[in-house]
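What follows is one structure encoded as structure tokens, with my remarks underneath.
Protein chains: 2
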Amino acid sequence: MSLSKNRLKYIRSLKEKKYRSEYGTFVAEGNKLVCDLLPLLKCQMLVATASFLATTDTSNIDEVIEVNDNQLAQASFLQNPQQALGVFFQQRAESTEDVKDQLVLALDGIQDPGNMGTIVRLADWYGIKNIFCSHDTADIYNPKVVQATMGALTRVNIHYIDLADFLNKNKNTPVYGTFLDGKNMYEQEITPHGIVVMGNEGNGIRPETEKFITKKLYIPNYPAGQETSESLNVAVATAIICAEFRRRS
Amino acid sequence: MSLSKNRLKYIRSLKEKKYRSEYGTFVAEGNKLVCDLLPLLKCQMLVATASFLATTDTSNIDEVIEVNDNQLAQASFLQNPQQALGVFFQQRAESTEDVKDQLVLALDGIQDPGNMGTIVRLADWYGIKNIFCSHDTADIYNPKVVQATMGALTRVNIHYIDLADFLNKNKNTPVYGTFLDGKNMYEQEITPHGIVVMGNEGNGIRPETEKFITKKLYIPNYPAGQETSESLNVAVATAIICAEFRRRS
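Chains as they are written, first to last, in my numbering: chain A, 1 to 249; chain B, 250 to 498.
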């Protein structure tokens, strides 16, 4: 098999959500990530160098295309392509709406692919199995998100839902959110289970989401009251919150 | 003033460290960031839309160039340019080598500009005034780093130094680092002051740096022992560590 113009066009089209949804596939790149995903997800097409293919079991892959570094660079979305690019079939998250016995995240319009992928990766670290995202949150299959998850996307269920509707259905579950006018999280009671809402990078949590929040938390800066950055990066804030929930549970 | 070809070429050249070092300047973009920096740093050139200029005090700026959105896009390093691009003079970090009465970060080859900027931003949040970086750590004046700091770069001193030499000079200070084979950080004694070393995204802390580390910490995953992501993003790990140091001090 060679990397025909049509195949190249197909791969490049997967940068756009429209085409990813149409084909039900997505791109993952790099020696390590591709190797991690191959046993877990059905691979439609593997574009890789001879040295990668020499050490990889490709028996379950629909189409295997050996390329040199220049050809790989043409297909790649990375600045520094690394040996392999896989087109994988998307994995549908199992539908889960009842979350009362677990800690879950709800993302209200996270835009940056790097933040999104980093949040999925840290959710996996902290044993968070479900993330509920508003429809305008970055797509888990965006190539930049996929790379930033470092493979965690196979271990965390990502649900794109109507967030207000989801929170309304879980009214008996504690809902946490971080706010600059919230209360010091180290001095607040927190439950081991519940929903932690994280908001958009620029605008935070939407008013229509905020009304479902039962406890507003503040991540204290140091020293208290000192003038500092006005906020933390959203992935960083998510990490600090998740670490604290798990430390106390 | 108009945006001449020469000025455009000058601005675009500042994407490269070589030219930033030669001219001693760097680029910051966006309405909010430029407004935050204007009172703090000497501005050499401001390229901005009429609406931005109408509400901004430009009296101390060497050169003010009014542009429309298309012209701004030609100069900008952002995907979505926003009203203003400033060329500012770099601010030299004051030389500090004795760090015994403070908490500082040491970065051992952090590569990703987004991670670097995010770390500076969270250091500011946690009142960390000095960050010591190996010479191969991402440049603080890289446009992507500048944007990710969200202005924190004026409040944190960033030192590029020989890391082994720096750690050798601070042998009486506790030096912490995160390792997958470290000890649960919640069960370890930690001092309010000390040096926290964070390593490169792919390779972690170098062996020649590791030998100076007096306490290896592990950020516990959850549930303990469960198979999860192999590691956390470095900015996320830095955040969790800094939060814990500050919580306990």
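Note that beta-carbon positions come from the ideal geometry of N, C-alpha and C, so glycine has one too.
Around the beta-carbon of residue 246 of chain A, 16 or more other beta-carbon atoms lie within 10 Å, marking it buried. For residue 373 of chain B, the nearest CB of chain A lies under 8 Å from its own CB, placing it at the interface with that chain.
In this structure, DSSP gives residue 63 of chain A an extended state, which the three-state scheme calls strand. Between the beta-carbon of residue 238 of chain A and that of residue 41 of chain A there is about 25 Å, and that puts the pair past the 8 Å contact cut. Taking the beta carbon of residue 425 of chain B as reference, no residue of chain A falls within 8 Å; the closest one sits roughly 16 Å away. Proximity of residue 277 of chain B to chain A, defined by a Cβ-Cβ separation below 8 Å, is not satisfied.
Note that the C-beta distance between residue 84 of chain A and residue 48 of chain A is below 8 Å. In the DSSP assignment, residue 84 of chain A falls within the beta strand (DSSP E) that extends over 84 to 89.
The beta carbon of residue 358 of chain B is closer than 8 Å to those of 383, 385, 386, 448, 449, 452, 455 in its chain, skipping five residues each way along the sequence.
Look at residue 485 of chain B: its C-beta is under 8 Å from a C-beta on chain A.
With respect to the C-alpha of residue 356 of chain B, the residue from B/364, B/381, B/371, B/347 having the closest C-alpha is B/381. With respect to the 8 Å criterion, residue 121 of chain A and residue 149 of chain A are classified as neighbours on the basis of their beta carbons.
The beta carbon of residue 247 of chain A falls within 8 Å of a beta carbon belonging to chain B, placing the residue at that interface.
Using a Cβ distance threshold of 8 Å, residue 157 of chain A and residue 113 of chain A do not count as a contacting pair. Of all C-beta pairs linking the segment 473 to 487 of chain B to the segment 405 to 423 of chain B, fewer than three are shorter than 8 Å, placing the two stretches out of contact. When B/348, B/473, B/393 are compared, the shortest CA-CA separation from residue 445 of chain B is found for B/348. Closer than 8 Å at the C-beta level to chain A, one finds these residues of the segment 355 to 370 of chain B: 363, 367, 370. As the crow flies, the alpha-carbon of residue 311 of chain B is around 6 Å from that of residue 294 of chain B. Straight across, the Cα-Cα distance linking residue 176 of chain A with residue 126 of chain A is about 17 Å. Of the other Cβ atoms in all chains shown, 16 or more fall within 10 Å of the Cβ of residue 269 of chain B; this residue is therefore buried. Look at residue 127 of chain A: its C-beta is under 8 Å from a C-beta on chain B. Note that the C-beta distance between residue 352 of chain B and residue 441 of chain B is below 8 Å. The C-alpha of residue 118 of chain A lies about 32 Å from the C-alpha of residue 341 of chain B. For the segment 377 to 410 of chain B, the set of residues with a beta-carbon nearer than 9 Å to any beta-carbon of chain A comprises 377, 397, 398, 399, 400, 401, 404, in chain order. By the C-beta density criterion, residue 95 of chain A is exposed, having fewer than 16 other C-beta atoms within 10 angstroms. Residue burial annotation: residue 388 of chain B is buried, with at least 16 other C-beta atoms found within 10 angstroms of its C-beta.
The beta carbon of residue 394 of chain B lies closer than 7 Å to those of 362, 365, 366, 387, 388 in the same chain, with the five residues before and after it left out. With a contact defined as Cβ atoms closer than 8 Å, residue 14 of chain A and residue 25 of chain A qualify at about 6 Å.
Secondary structure note for residue 47 of chain A: its beta strand (DSSP E) is the uninterrupted segment 43 to 48.
With respect to the C-alpha of residue 421 of chain B, the residue from B/412, B/431, B/463, B/410 having the closest C-alpha is B/463.
With a threshold of 8 Å between beta carbons, residue 228 of chain A makes contact with chain B. In the structure shown, the three-state DSSP call for residue 435 of chain B is helix. Judged by their CB atoms, residue 377 of chain B and residue 284 of chain B are not nearer to each other than the 8 Å cut-off. In the displayed model, residue 476 of chain B falls within coil according to three-state DSSP, outside both helix and strand. DSSP places residue 373 of chain B in the uninterrupted alpha helix (DSSP H) bounded by 362 to 374.
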